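Student: Residue numbers (mature numbering (1 follows the signal peptide of the UniProt record, and there is no 0)): -25 to -1, 1 to 121. By construction, the Cβ of each residue, glycine as well, lies at the ideal position given by its N, Cα and C atoms. None of these values were measured; they are calculated from a predicted model.
1) Going by alpha carbons, who is nearest to residue 58 out of 42, 26, 74, 95?
2) For the beta strand (DSSP E) containing residue 9, name the first residue and the last one.
3) Give me the Cβ distance between residue 77 and residue 42, rounded to the nearest whole Å; I'm assuming they're in contact under 8 Å.
4) Which residues in the same chain as residue 110 place their Cβ atom closer than 7 Å to its Cβ, once the five residues preceding and following it in sequence are excluded?
5) Could you check if residue 54 is buried or exposed, using at least 16 other CB atoms within 10 Å of its CB as the buried criterion?
6) Compute the distance between the beta-carbons of residue 13 and residue 45, then report whether it is under 7 Å.
Put into structure tokens, the structure is as follows:
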């Protein structure tokens, strides 16, 4: 009888632990994957503020996979030589928080800038900004254009 009781207690404990683990997994939300789109220079600070709010709202750096894809006139706000100090500081903070910044290669060519001419931390969207946005959406990123 003792052996049977030990086995029953062992199974009860095992199933209890599995129940706790599955309950914990059910309450944890999946990591958000979001692609922000910026094309207008005058909206740069607003969009960066939205992204900062997103980072904060998901619990801080590393809690969401966020990318900012910039093309057209919006890229001018990130030219290192002429970038507004507030934009520079916020972009630097977001990049340190893990937000990816993608610059459209077509826009860079049209504006005559190279990667070194942009604020530090940018990657080049070689096929173009709109193609990059479509790729991100196809791989499961939510699309936001504030």
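Tutor: Inspection of the coordinates gives the following:
1) Of the candidates 42, 26, 74, 95, the one whose C-alpha sits nearest the C-alpha of residue 58 is 95.
2) 7 to 13
3) 6 Å
4) none
5) exposed
6) yes
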